[in-house]
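K.L.:
If you're matching them up, the sequences are chains U and F in order. In terms of the numbering used here, the first sequence is numbered consecutively and its last residue is 469. In terms of the numbering used here, the second sequence is numbered consecutively and its last residue is 1469.
There are 2 protein chains.
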Amino acid sequence: MSMPQSWANYGIDLHLDLAGTRVRAGLEAGLRNAVRSGRLAPGTRLPSSRDLAADLRVARNTVADAYGQLVAEGWLTAMTGAGTWVAERQVAAPRPISPKGALAGELRYDLRAGAPASSAFDRRQWISAARAALSAAPEEVFGYPDPRGLPELRSALAGYLARARGVITSADNVIICAGFAHGLALISQVLAERGAKTVAIEGYGHQSHRSLIAAHGLALAPLPVDPSGARPAEPALHGAGAALLTPAHQFPLGTTLAPRRRTAFVDWAVRSGGLIIEDDYDGEFRYDRQPVGALQALAPEHVVYAGTASKSLAPGLRLGWLALPADLTEAVIAAKERSGTHNSVLDQLTLARLITSGGYDRQIRQARLSYRRRRDRLIAALDRYAPAVRLTGIAAGLHAVAELASGDEGDVVARAAKHGVAVEGLNHYAAIEDDTRPALVIGYGRPAEHAFSTAVSRLCAALAGTAAR
Amino acid sequence: MSMPQSWANYGIDLHLDLAGTRVRAGLEAGLRNAVRSGRLAPGTRLPSSRDLAADLRVARNTVADAYGQLVAEGWLTAMTGAGTWVAERQVAAPRPISPKGALAGELRYDLRAGAPASSAFDRRQWISAARAALSAAPEEVFGYPDPRGLPELRSALAGYLARARGVITSADNVIICAGFAHGLALISQVLAERGAKTVAIEGYGHQSHRSLIAAHGLALAPLPVDPSGARPAEPALHGAGAALLTPAHQFPLGTTLAPRRRTAFVDWAVRSGGLIIEDDYDGEFRYDRQPVGALQALAPEHVVYAGTASKSLAPGLRLGWLALPADLTEAVIAAKERSGTHNSVLDQLTLARLITSGGYDRQIRQARLSYRRRRDRLIAALDRYAPAVRLTGIAAGLHAVAELASGDEGDVVARAAKHGVAVEGLNHYAAIEDDTRPALVIGYGRPAEHAFSTAVSRLCAALAGTAAR
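1) Look at F:Pro1447 and F:Tyr1109 and say whether their C-beta atoms are less than 9 Å apart.
2) Considering F:Leu1322, what are the terminal residues of the beta strand (DSSP E) in which it resides?
3) Per DSSP, which one or two residues make a beta bridge with U:Asp110?
4) Taking Cβ-Cβ distances below 9 Å as the criterion, which residues of the segment 437-455 of chain U are in contact with chain F?
5) May I have the straight-line CA-CA distance separating U:Pro4 from U:Ala59, to the nearest angstrom?
6) Is the segment 1411-1422 of chain F touching the segment 1452-1462 of chain F in the sense that three or more CB pairs, one from each, lie closer than 8 Å?
7) So what's U:Asp226 in DSSP terms, helix, strand or just coil?
8) What residues of chain U sit near F:Arg1375, judged by a beta carbon separation below 8 Å?
9) Take U:Gly217 as the anchor and find which of U:Ala133, U:Arg375, U:Ala25, U:Asp51 has the nearest alpha-carbon.
10) Tell me whether F:Leu1440 is buried or exposed, calling it buried when 16 or more other Cβ atoms sit within 10 Å of its Cβ.
11) Just by C-beta distance, which residues in the segment 1334-1351 of chain F are closer than 8 Å to chain U?
12) Using a cut-off of 8 Å between C-beta atoms, extract the partners of U:Ile187 located in chain F.
13) Does any C-beta atom of chain F lie closer than 9 Å to the C-beta of U:Pro96?
14) Have a look at U:Ala326, U:Ala367, U:Arg384, U:Gly205 and flag the residue whose alpha-carbon is nearest the alpha-carbon of U:Glu284.
15) Does chain U have any CB closer than 9 Å to the CB of F:Ser1310?
16) If you draw a straight line from the alpha carbon of U:Leu275 to that of U:Ala269, how long is it in whole angstroms?
17) Going by DSSP, what residue range makes up the alpha helix (DSSP H) through U:Glu284?
18) Would you kindly check if the distance between the Cβ of F:Ala1323 and the Cβ of F:Thr1169 is under 9 Å?
19) Determine whether the Cβ of F:His1238 lies closer than 9 Å to any Cβ atom of chain C.
20) Let me check one thing: in DSSP terms, what residues is U:Gly83 bridge-paired to?
21) F:Val1332 to U:Ala29, Cα distance in whole Å?
22) When the distance is taken between beta carbons, is F:Ser1312 closer than 9 Å to F:Pro1116?
23) In terms of alpha-carbon separation, which member of F:Leu1150, F:Phe1180, F:Leu1186 lies closest to F:Asp1172?
24) Considering only residues of the same chain and omitting the five flanking positions on each side of U:Ser6, which have a CB-CB separation below 6 Å?
25) Please state the DSSP three-state secondary structure of F:Tyr1305.
26) Among the candidates F:Gln1125, F:Ser1048, F:Val1421, whose CA atom is the shortest distance from the CA of F:Thr1350?
27) U:Tyr204 by DSSP, collapsed to three states: which one?
28) Closer than 6 Å by C-beta to U:Ala133: which residues in its own chain qualify, once you throw out the five before and the five after it? Chain order, please.
29) When the Cα atoms are used, what is the spatial distance from U:Leu70 to U:Ala219?
30) Specify whether the segment 1200-1219 of chain F and the segment 1227-1245 of chain F touch according to this definition: at least 3 beta carbon pairs, one from each stretch, less than 8 Å apart.
31) Under 9 Å, Cβ to Cβ, is there at least one residue of chain F near U:Val58?
32) As a quick exercise: from U:Gly397, U:Val167, U:Arg123, U:Val266, pick the residue whose alpha carbon is nearest that of U:Leu369.
33) For a contact defined as C-beta to C-beta under 9 Å, what are the partners of U:Phe121 on chain F?
34) Please report how far the alpha carbon of U:Ala130 lies from the alpha carbon of F:Leu1346, in whole angstroms.
35) Less than 9 Å between CB atoms is the rule here; does U:Arg89 satisfy it with respect to chain F?
36) What did DSSP end up calling F:Gly1443 once you bin it into helix, strand or coil?
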C-alpha cells in the first residue's frame, strides 16, 4: 500500500494498490471518502482525467470511469469539455452526522415525502405483541438465526402478502431484510455478480436508491414517467439487467402503472431475462379505488417483490421483506450471509404475532383512515387557499404532487421554509436534471396530528404567495 | 449476459460477462452458488484451470485464482498436481436452510462452543426495559435512523466500554452493527477498498469469520497460536492490512494474549499502518483473575474494538458494536450506508436503557456466576470420570479445551454423538489442517440448566471410553 506524492497534493488520503485489478474501485472509494469527509471541499476542481491518470500511472479510462460513476452518484458534477468539480450539494453530510432527514431547528413543519407519521406507531400495541410473542417463543429462537429471517415471520408474511397484495410466493422464498434499502443493496450485489451492467430506474424517485445501485457498480438508465406511470422505453431497457419500479403508486408522482405497461414490463423481463424489482412501499394505502395488486403475480419468476414495515408501522423498526424468484433466493441469501446482517429476532417475532393475530391489518386500516383524512384536509385547504395549484397523485399513499401554475418551485420551497415548512420540489427527485414542470411533492404523513393543520395552512400561505404573482 | 455452451455441460447456471473486469468475481460467485445449491455435488471433479480458461476464453490465472479463493473459503479442495474437487464438507448446507448451528434431532446435548445458554436471556427484564424505553422515547427515534446507530445507545456504550473494558472512545466513534459478523464484513469491505490484500488471522478460530473475510477478496495469513496466545509472526504479518485477534480469551484455545505480545502487535500496527481488529467476544466473562482490559486502549487509533450482546444477552438480538479509530469511522459509516443496514431502534433503545439503569451489568454478573458454576461442574466431572483429559482455557469465557491423552479426536466426537452429545474437535477450528494435538472444544454455555448435568455425564462417558483404550 503506497500513496504517490501527487495524490497527497490533492489532499486525498488514499491507499491504492496500483498493480491490482481494483484500481477503479479504490479510486472511487478514495474520492468518495475525500468528498464525504470534506477533505475535498464542494466546488473544488479535480485534475483532468488525463493528468490524474498520468500521475497514478493508470489508464485514462479508469479515471474517466471513476469520475463518471461519482457524477452518477452525485458526489461530483461535470460539464462536457469543461471539467469535473466536487458537487455543491452532497449526498451525505460531513460529521457531525445527523439522522437521515433530520431538519434544521427552524423548520418545524415537515411536509417532505417518504416517511409516515411517527405518532402513527402504536407503541402500546407493539409492546403488548412483543410480550406475548416473547413469552411464547421457544428458547432456540434467541440463538444464532436463520439467514433468511425467522421462519415464523416468513410464513406469516407469505400468507399476508398473498391475501393483501396478491403476491404469489412461499415462506421459502421470502427473505427478511433491514428495510427496502437493504433489500435493494442485496439485489444490486447479486445483479453485479451475475454480470449485469445497468439498472433501469424511474425518471423520478429517491436519490438514495439511485446512489445505492450505483455504489454497487451498476449504471443507471432512467425511464420516462408520465400519467400512466413509467414508460417501458427501449433505450433504457435495452440491455438492462433489472428495472426498479413503483407500480402501485409511483414515487413521487403518485400515478399507477397502466395495465398495458405492466404487461409490457413483464414481457420485457420474460423476453430479456431482466429482473423487475417491485418497490411496493405503500401499496397498502389506497383510498378511492380497489387496491392495485402486486405486479409480481404476473411473473413470480421474473419479479422481486419488496415490501416494508416502514410506512405501515415505523421506519425505525428497519424491517422489510423480499419475495424472490426461486432461482434468485440462494444468491440473495449468500449475499446476506456475506454481509453478516440479520434482523433482531425480537422484532421479527413481534411482527409475526401482529400479522397472525390480525393486529397488523387493524393497524393498517387505522393508518389508512388517518392518512385519508389528512389527504382530504390537504385537498380542501389547497382548493380554498391556493386554487391555481393542481393536486395529483392523490389516490393512494402518504404524499401528493402539487403542480404549480407558474413560477419556480425553488422559490416556493424557499418561501415555505420562511414559513417554517420543509417541503421539496419535484426536481429534488429527478434522475435527469431536465424537469420543466414546477411542482412540490407534499408528504402529508409526517407531521404529528396536532401540528398537521398548522403545517397545511403555512404551506397554503407560501403557495398563495406564488399564485398571486 | 450469455452462457457459453461448455458451462452448461458443467451444470453451472452462470451468467458471465466475459468482456468485463469482473470475470473472476463472477466466476467465483457462479461456482460458489453452484456448490451451495448442490448443482455441483460434493466430490465432483472440476475441469483443469487450463481447460476451463480455454472454454471461457479468459486467462488461465483468472480461473486458477478463482479456484484458489474457493479453496480458501472451503467450497473446493485441491491437491497440487492432482486437480480440484467440490469439497465434501461444505460451508453452508443446501436448502432447506436451517438456522446456523441447528442440530440433528438425535443430538440432544449441545456442547459446541460459540453460543451462550438461550435460557440465560432474561425475557422479562428485556420486555420491561423495552416498555420503559419505548414510553420515554421521543417520536423522532421511530423515523429513519442515524447510520451510526442510535445516539443514546452509542453514548451508553462509550461509557460502559470505558468502565468495563478500558476502551478509549467516544460516542462519535462507536458504530452499532448487527453482531460481530456484520462489523467484520464492514471492516473487510473498507480494508479491500483501501487496497489491503491480506488479513492475518489466528491459526484457530471461527471458519465463518475466515470465510467472511475471504468473501471480500482478502487473503488469509494464519498466525501460530501457543499458550501465550497468537504469535506476532513476521511471515503472516508482513504486508498484512489487518490482524484479527481475540486478545482477552483466544477462541477457541482459551489462552490470554501475553503482555509482551500485546505490545508487539501494537508496535506492528503503529509501524506498518496495519489495523488490529480486537474481537472481544466474551471479555466480560472472566472468573479467576482480574478482567483483562481491551488491547484497544494501547493504541486507539490503530485498533478496532468489537463487542457484542450475543454472549451477554442473546445472539438473536443481533446487536454488536465497533469502537473505531477516528480516521476509519467515516469509511465504515459509508460502507454501512451502502449496505442499507440498520439495527432496530427498539432494541437499541432497550439496550441503552439496560446499560444506563445498571440492568446490563447485573445481567452480566448473574450470567458470569452461572457460567462459572457450570465450568466448575465440568472440571469436577472430568477430574473424576476422565482424569486422563487435561482441561485448559478455563480462566474465562463459555468454553474450554479438553486435551486428549491419546487417540483421534474424530473418534471421540463420533462416540459423543452416539451418546447424544454434539461437540467439536479442535481441528474444526483450525485455519491450517496440520493440527496434531487431539482435543475437544467444549462449549458449556449452551445446554439449558436442567440438561447440563446429563450433557456433562454423557460427555464423560464418551471421554472415559477413550482414556480406557
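Note that beta-carbon positions come from the ideal geometry of N, C-alpha and C, so glycine has one too.
P.N.:
Answer, in terms of the structure:
1) yes
2) 1320-1323
3) U:Ala422
4) Arg446, Ala448
5) With a pLDDT of 36 at U:Pro4, under the threshold of 50, the predicted position of this residue should be treated as unreliable, though the coordinate-derived value follows. Those two C-alpha atoms are separated by around 16 Å.
6) yes
7) strand
8) Within chain U, no residue comes near F:Arg1375; the closest Cβ sits about 20 Å away, beyond 8 Å.
9) U:Ala25
10) buried
11) Ala1334, Glu1337, Arg1338, Ser1339, Gly1340, Thr1341, His1342, Asn1343, Ser1344, Val1345, Leu1346, Asp1347
12) Per Cβ cutoff of 8 Å: no residues; U:Ile187 is ~10 Å from chain F at best.
13) Low confidence applies here, because U:Pro96 scores a pLDDT of 35, under 50, leaving its location unreliable and the question unanswered by this model.
14) U:Ala367
15) yes
16) 6 Å
17) Where U:Glu284 is concerned, there is no enclosing alpha helix (DSSP H), given that its DSSP letter is neither H nor E.
18) yes
19) Within the model displayed, chain C is absent; protein chains U and F are what it includes.
20) U:Met79
21) 11 Å
22) yes
23) With distances taken between Cα atoms, F:Asp1172 lies closest to F:Leu1150.
24) At U:Ser6, the pLDDT of 39 sits below 50, so the modelled position is not reliable; the number obtained from the coordinates is stated separately. Contacts found: Asp55.
25) strand
26) By alpha-carbon distance to F:Thr1350, the top candidate from F:Gln1125, F:Ser1048, F:Val1421 is F:Gln1125.
27) strand
28) Leu349, Thr350, Arg353
29) 11 Å
30) Below 8 Å, enough C-beta pairs join the segment 1200-1219 of chain F and the segment 1227-1245 of chain F to call them touching: three or more.
31) no
32) U:Gly397
33) Here the neighbours are Glu1139, Phe1142.
34) U:Ala130 and F:Leu1346 have their C-alpha atoms roughly 11 Å apart.
35) Note that U:Arg89 scores a pLDDT of 48, beneath 50, so its modelled location is shaky and nothing firm can be said.
36) The answer is strand: DSSP assigns F:Gly1443 an E or B state.
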